[in-house]
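Trainee: Protein chains in written order, with the UniProt record's numbering: chain E, 1 to 194; chain V, 1 to 194.
Protein chains: 2
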Amino acid sequence: MIQYAEHEVVPSMQTPLETISVSLRRERERAGLSLSELAKRASIAKSTLSQLEAGSGNPSVETLWALGVALDVPFSRLVEPPEPRVRVIRSGEGPGVASEQASFVGTLLSSCPPSARRDIYVISLEPGSPRVAEPHIPGTVEHLTVAAGRLRAGPEGDPVDLAVGDYLAFPGDVSHVYEALDPGSWAVLVMEHT
Amino acid sequence: MIQYAEHEVVPSMQTPLETISVSLRRERERAGLSLSELAKRASIAKSTLSQLEAGSGNPSVETLWALGVALDVPFSRLVEPPEPRVRVIRSGEGPGVASEQASFVGTLLSSCPPSARRDIYVISLEPGSPRVAEPHIPGTVEHLTVAAGRLRAGPEGDPVDLAVGDYLAFPGDVSHVYEALDPGSWAVLVMEHT
DNA sequence: AGGGATCGTTCGTCAAGGCGAACAGATGAT
DNA sequence: ATCATCTGTTCGCCTTGACGAACGATCCCT
């Protein structure tokens with residue numbers, strides 16, 4: 001039961017504009033572009049870019065989008081601080097391996113550090129009644145790769161049958177199920193907290 | 001070398017402003033807020049919000065940021081089009097990764113979205129000469145879980161022997177190796193970019 | 001020394017975003 | 001029915017972002 005505060009103390013709280021300022025310069029230098037060159041590629045005035053990197057300015061979405069395209073980086077990399085926001089992990093969703101059913105065993109391989117919002121599990125199931133998992137925090141995505149046996153998994157109303165080697169991604173913030181179709185079934189589960 | 005389109009092909013290509021329009025309305029209704037109420041919470045004029053949801057308008061970052069805070073959603077959810085929620089990649093399908101060594105096949109299951117910095121692969125190897133991977137960007141961590149066969153993997157100077165079900169985490173920003181010890185070996189690889 | 005080419009900055013101008021007020025429609029209370 | 005209060009819209013005004021030009025500062029090459 002790990003509980004992170006929603007808006008915990010962050011080393012240096014940054015306003016989105018400060019974040020844009022630093023990440024814009026960082027990505028530009030990473031790409032090895034001069035301010036003038038980037039402005040030309042993004043089809044914006046270099047004066048605008050200069051002010052943005054200087055910290056003054058409040059760019060419009062179109063301006064930032066053009067810069068993101070020119071830098072070949074996704075949009076959010078320019079506005080999200082380099083260290084991801086600390087988010088809440090609600091009670092019961094921590095590293096503990098809770099299993100009501102004995103036929104379900106989950107092993108936490110790599111718990112979610114503050115800098116990377118994902119857990120990696122190995123889950124083993126035996127055929128029987130399906131295990132129904134309650135919704136996790138909004139934005140959670142689960143990635144399942146079957147290592148052995150066969151599984152039926154996915155959102156509660158729309159599960160998918162999977163064989164060895166199959167990969168399935170589905171939202172973890174709604175009720176979802178895991179069910180073994182063969183004995184000795186197991187899979188690697190990456191739970192991603194967006 | 002892995003090469004994939006930066007922005008996944010989506011059924012209907014949307015400009016960022018169209019995306020903002022639809023996702024803004026979607027998130028607002030999900031939160032059960034009226035347009036007026038949301039405008040008040042975000043401290044923006046409701047006329048501004050009305051125009052944004054209508055599709056006209058090119059909001060500044062501060063405006064969008066305030067809306068993201070008021071809606072309690074990450075910034076990127078307002079500008080990135082929602083990706084299909086349930087995806088299945090059958091064994092053997094999916095984008096294969098061409099490799100110099102014929103005995104190595106990597107399949108990219110989930111490329112790194114903007115907000116989550118990780119890729120998920122399945123890698124298949126056959127016994128033979130070890131595959132040496134060049135260092136990735138600094139801060140990269142690789143998580144390996146063996147699904148079948150046996151592997152020898154890890155940093156180039158200090159590899160580890162792994163059997164079925166074993167899990168290994170090691171730095172990906174130095175030279176590292178993968179080598180199959182048994183025929184038909186494969187593993188799930190989570191590459192994390194911190 | 002001089003060009004000639006970049007670099008990133010600051011300036012004034014213009015269009016556009018954001019604002020508040022006034023608007024019409026819907027709902028509920030008296 | 002009337003008033004009250006909400007909904008979301010459209011209007012004119014004003015601030016502000018984005019632009020282009022001119023600027024000084026570095027370099028590199030004659």
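Don't be surprised by glycine CBs; every beta carbon is placed ideally from N, CA and C.
Which of helix, strand or coil does DSSP assign to Arg90 (chain E)?
Mentor: Reliability fails at Arg90 (chain E), whose pLDDT of 27 lies under 50, so the model's placement of it is uncertain and the value that follows must be treated cautiously. Three-state DSSP puts Arg90 (chain E) in coil, outside helix and strand.
Trainee: If you measure beta-carbon to beta-carbon, which residues of the segment 123-145 of chain E are closer than 7 Å to chain V?
Mentor: Cβ contacts with chain V: His143, Thr145.
Trainee: Would you check if the distance between the CB atom of Gly149 (chain E) and the CB atom of His176 (chain E) is smaller than 8 Å?
Mentor: No, Cβ-Cβ distance for Gly149 (chain E) and His176 (chain E) is not below 8 Å.
Trainee: Buried or exposed, going by whether 16 or more other CB atoms sit within 10 Å of the CB of Ser23 (chain V)?
Mentor: Under this definition Ser23 (chain V) is a buried residue.
Trainee: So within the segment 116-160 of chain E, which uninterrupted beta strand (DSSP E) runs reach at least 3 residues, ignoring any that extend past its ends?
Mentor: 118-125, 131-133, 140-148, 151-155, all fully within the segment 116-160 of chain E.
Trainee: Do Pro127 (chain E) and Leu168 (chain E) have their beta-carbon atoms positioned less than 8 Å apart in this structure?
Mentor: Cβ distance not < 8 Å, so Leu168 (chain E) and Pro127 (chain E) don't count as in contact.
Trainee: Would you say residue 220 (chain E) reaches chain V, if we count a Cβ-Cβ gap shorter than 8 Å as a contact?
Mentor: No answer is possible for residue 220 (chain E): it lies beyond the span of chain E, which begins at 1 and ends at 194.
Trainee: Between the C-alpha atoms of His143 (chain E) and Ile120 (chain E), what's the straight-line distance to the nearest angstrom?
Mentor: One C-alpha to the other measures close to 9 Å.
Trainee: Using a beta-carbon distance below 8 Å, is Leu17 (chain E) in contact with chain V?
Mentor: Answer yes: the Cβ-Cβ gap between Leu17 (chain E) and chain V drops below 8 Å somewhere.
Trainee: Strictly by DSSP, which residues pair up with Val190 (chain E)?
Mentor: In DSSP, Val190 (chain E) forms a bridge with E:Ile120, E:His143.
Trainee: Quick one: list the residues of chain E neighbouring Phe75 (chain V), beta-carbon separation under 8 Å, in chain order.
Mentor: Residues of chain E passing the Cβ test: Pro16, Ser76, Val79, Glu80.
Trainee: In chain E, which residues lie less than 8 Å from Ile120 (chain V) when you measure between Cβ atoms?
Mentor: Correct list: His143, Thr145, Tyr167, Val190.
Trainee: Which class does Val10 (chain V) belong to by DSSP, given the choice of helix, strand or coil?
Mentor: Note on Val10 (chain V): pLDDT 37, under 50, position unreliable in the model; no value is reported.
Trainee: Nearest to residue 233 (chain V) by alpha carbon, out of V:Thr48, V:Leu64, V:Leu71, V:Gly184?
Mentor: Residue 233 (chain V) is absent from the structure shown; chain V starts at 1 and stops at 194.
Trainee: Against chain V, which members of the segment 59-74 of chain E pass a CB distance test of less than 7 Å?
Mentor: Listed by position, the residues of the segment 59-74 of chain E near chain V (Cβ gap below 7 Å) are Pro59, Ser60, Val61, Glu62, Leu64, Trp65, Asp72, Pro74.
Trainee: I'd like to check one pair, Phe75 (chain V) with Ser21 (chain E): are the Cβ atoms closer than 8 Å?
Mentor: No, Cβ-Cβ distance for Ser21 (chain E) and Phe75 (chain V) is not below 8 Å.
Trainee: Tell me which residue opens and which closes the beta strand (DSSP E) that Pro171 (chain V) is part of.
Mentor: Segment 167-171, the beta strand (DSSP E) holding Pro171 (chain V).
Trainee: Are the C-beta of Pro148 (chain E) and some C-beta of chain V separated by less than 8 Å?
Mentor: Correcting the residue identity first, residue 148 (chain E) is Ala in this sequence and not Pro. Interface residue, yes.
Trainee: Tell me Leu162 (chain V)'s beta-bridge partners as DSSP assigns them.
Mentor: Per DSSP, V:Leu151.
Trainee: Among residues of its own chain, excluding the 5 on either side of Val132 (chain V), which ones have a beta-carbon nearer than 7 Å to its beta-carbon?
Mentor: Cβ neighbours of Val132 (chain V) beyond the five flanking positions: Glu156, Ser175, Val177.
Trainee: Under 8 Å by Cβ, that's how I've got Ala187 (chain V) and Ile123 (chain V) pegged, so tell me the actual separation to the nearest angstrom.
Mentor: Yes, they are in contact, since the Cβ atoms of Ala187 (chain V) and Ile123 (chain V) sit about 6 Å apart, within 8 Å.
Trainee: Around the C-beta of Ser185 (chain V), are 16 or more other C-beta atoms found within 10 angstroms, so that it is buried, or is it exposed?
Mentor: It is buried - the Cβ of Ser185 (chain V) has at least 16 other Cβ atoms within 10 Å.
Trainee: Run through DSSP, which three-state label would Val73 (chain V) get?
Mentor: Looking at Val73 (chain V) - three-state DSSP - the assignment turns out to be coil, as it is neither helix nor strand.
Trainee: With a threshold of 6 Å on Cβ separation, who are the neighbours of Val146 (chain V) within its own chain once the five nearest residues in sequence on each side are excluded?
Mentor: Only Leu162, Val164, Asp166, Ala187 meet the Cβ criterion.
Trainee: When you compare the CB positions of Val79 (chain E) and Thr19 (chain E), do they come within less than 8 Å of one another, or not?
Mentor: Yes, these two residues count as a Cβ contact at 8 Å.
Trainee: In chain order, what residues of the same chain have a beta carbon less than 8 Å from the beta carbon of Pro171 (chain E), not counting five sequence neighbours either side?
Mentor: Cβ neighbours of Pro171 (chain E) beyond the five flanking positions: Thr140, Val141, Glu142, Pro155.
Trainee: Terminal residues of the continuous alpha helix (DSSP H) containing Val174 (chain V)?
Mentor: Neither: Val174 (chain V) is in no alpha helix (DSSP H) and is coded neither H nor E.
Trainee: Could you tell me whether the Cβ atoms of Leu38 (chain V) and Leu49 (chain V) are closer together than 8 Å?
Mentor: Taking 8 Å as the Cβ cut-off, Leu38 (chain V) and Leu49 (chain V) qualify as a contacting pair.
Trainee: Mapping DSSP to helix, strand and coil, what is Ser34 (chain V)?
Mentor: Correct three-state label for Ser34 (chain V): coil.
Trainee: By how many angstroms is the C-alpha of Lys46 (chain V) removed from the C-alpha of Lys40 (chain V)?
Mentor: Whole-angstrom Cα-Cα distance: 7 Å.
Trainee: Just curious, the alpha helix (DSSP H) that Ala49 (chain V) is in, first and last residue?
Mentor: In the sequence as presented, Ala is not what sits at residue 49 (chain V); that position holds Leu. It spans 46-54 - the alpha helix (DSSP H) in which Leu49 (chain V) sits, taken as one unbroken run.
Trainee: Could you tell me whether the Cβ of Ala98 (chain V) comes closer than 8 Å to any Cβ of chain E?
Mentor: Confidence in Ala98 (chain V) is poor, its pLDDT being 47 and thus under 50, which makes the residue's placement unreliable; the coordinate value appears in the next sentence. No, Ala98 (chain V) lies away from the interface with chain E (no Cβ there is under 8 Å from its Cβ).
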